[in-house]
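Have a look at the structure below, then the notes.
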Amino acid sequence: MIALLDDDPRLGKGIGELMMRRHYTQDERLPGMGYGVEETRRNGHRIFFKGGDVNGFHHLLAMLPDRKTGIYVVSNGEGAQPALHDLVDRIVDDQFPGRAEEPRPVGGDTSAYAGTYLTSRPVGDLLRFGSLMNHVTVTSSGDGRITTTGLSPDPDVAAQEWIRIGPGLFAEQDGQERIAFSADGVLAGGHQEEATTYERAPAGLYLALLYSGLAALLIGVVAIPAVALVRRIRRRPAEHPAAWWLAWVTGVLILPFLYGLAVTLVIAPSDAIFLGSPTLTGALLASSAAFVLTGGLVACTAGAWWKGWWRLPERISYTAYMLGAVSFMTVAYLFNLVGGVFA
33 MIALLDDDPR LGKGIGELMM RRHYTQDERL PGMGYGVEET RRNGHRIFFK
83 GGDVNGFHHL LAMLPDRKTG IYVVSNGEGA QPALHDLVDR IVDDQFPGRA
133 EEPRPVGGDT SAYAGTYLTS RPVGDLLRFG SLMNHVTVTS SGDGRITTTG
183 LSPDPDVAAQ EWIRIGPGLF AEQDGQERIA FSADGVLAGG HQEEATTYER
233 APAGLYLALL YSGLAALLIG VVAIPAVALV RRIRRRPAEH PAAWWLAWVT
283 GVLILPFLYG LAVTLVIAPS DAIFLGSPTL TGALLASSAA FVLTGGLVAC
333 TAGAWWKGWW RLPERISYTA YMLGAVSFMT VAYLFNLVGG VFA
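For the sequence shown, counting from 1, position 145 maps to 177 in the numbering used here; every step adds exactly one.
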């Protein structure tokens, strides 16, 4: 930190200045990225910061190059990550109060920005599922105003109000953050990760498919053996029982998947994803097996209607179960919840 702030030649000629220079930004009106550090502004001062997180340990390095000042904050345990940024902000406010820019509001219709957005940063691993569960919602809230949920780094602040100050540019009400929408609807800014953008996506539809499919699978896990037991007692065995047991096994495989996913999310999701976890691996193998068996459900459904298996209510029930499985597995595939060769 000291070497960077002093542009120490032992790092290499001009390396300190080069690292704390903006090299990329999602929008020229927003802070951006240096080399290995992210840029933000507070009270009119440039701040370059770098955070790091492992299970049980979190730190934040913040440097004000124009003031030759650095701040290094460390915490042990979990749940204090947002407090690190808050502490840095308070130190800057106390030592370098300055004046934040006060742009003039611009009115107008903001309904074009309304919708749900998913972060584009995690693409190829299980973290993509986190983007679905932590999506950003934008609503138009009056002349030149919007409300967002999911952008705040503070878990205690659910909603933020924003005032338009330029074409696609919004300033946080009673705050210093900025967000911007590009011409193609990409959202940037407003959070502590300037390298991240948010793209419009039907998060509500994905969640509806996920939850309805999960409900169908869990109901089937209980209902299929219960109906089979009743039929056995009444000595009325079902036709083509293999199709029903295929449906039951598909649902049962979701149980170890849910258990493994829940354990991973509760204990240490980042460590499990980056370092590997037998529990997570087993969960993804279970979901992969269910993914394959779902293809069998589709084939059995087609056979049931083509060959006239069962009575009409039974065919409808099987079809509904198949659609639930397809809905769940489609979202699982799109958000990397299916392991093995399908991930």
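All C-beta atoms, glycine included, are put in the ideal place defined by N, C-alpha and C.
Note that the structure is predicted; figures quoted are calculated from it, not measured.
Contact between the segment 115-135 and the segment 331-340 is absent: fewer than 3 CB-CB pairs across the two stretches fall below 8 Å. By the Cβ rule, the segment 114-124 counts as touching the segment 92-105, because three or more pairs are nearer than 8 Å. In this model, V324 and F202 are separated by some 46 Å (Cα to Cα). Taking C-beta atoms as the reference points, T179 and A191 count as a pair closer than 8 Å.
For the segment 82-152, the full-length alpha helix (DSSP H) segments reaching 4 residues or more read 113-127 along the chain. Annotation: the continuous alpha helix (DSSP H) that includes S359 extends over 344-366. For the options D39, E60, T57, D59, the alpha carbon positioned closest to that of L50 is the one of D39.
A residue is called buried when at least 16 other Cβ atoms come within 10 angstroms of its Cβ; H55 does not meet this threshold and is exposed. Non-local C-beta neighbours of Q205 in its own chain, meaning closer than 6 Å and more than five positions away in sequence, comprise E193, I195, ordered along the chain.
Comparing alpha-carbon positions, the option among L285, T313, V284, R78 lying closest to T296 turns out to be T313. Between L239 and I286, the beta carbon gap of about 17 Å keeps them out of contact (Cβ cut-off 8 Å).
Out of G217, S319, Y365, D126, the CA that lies nearest to the CA of H77 is found in D126. Closest option to P269, judged by alpha-carbon separation, among D216, N166, W342, D98: W342. By the Cβ-count criterion, P63 is buried, with 16 or more other Cβ atoms from all chains shown falling within 10 Å of its own Cβ.
Take L278, set aside five residues on each side of it, and the residues of its chain with a beta-carbon closer than 7 Å to its own are L325, G328, L329, C332, in chain order. The beta carbon of P129 sits closer than 8 Å to the beta carbons of N75 from its chain, once the five residues preceding and following it are set aside; these are given in chain order. Taking each of P41, L158, D186 in turn and checking the Cα distance to G308, the smallest one comes out for L158.
The closest CA to that of N87, considering only L316, E346, G140, V298, is found on V298. No Cβ-Cβ contact shorter than 8 Å links S319 with V363.
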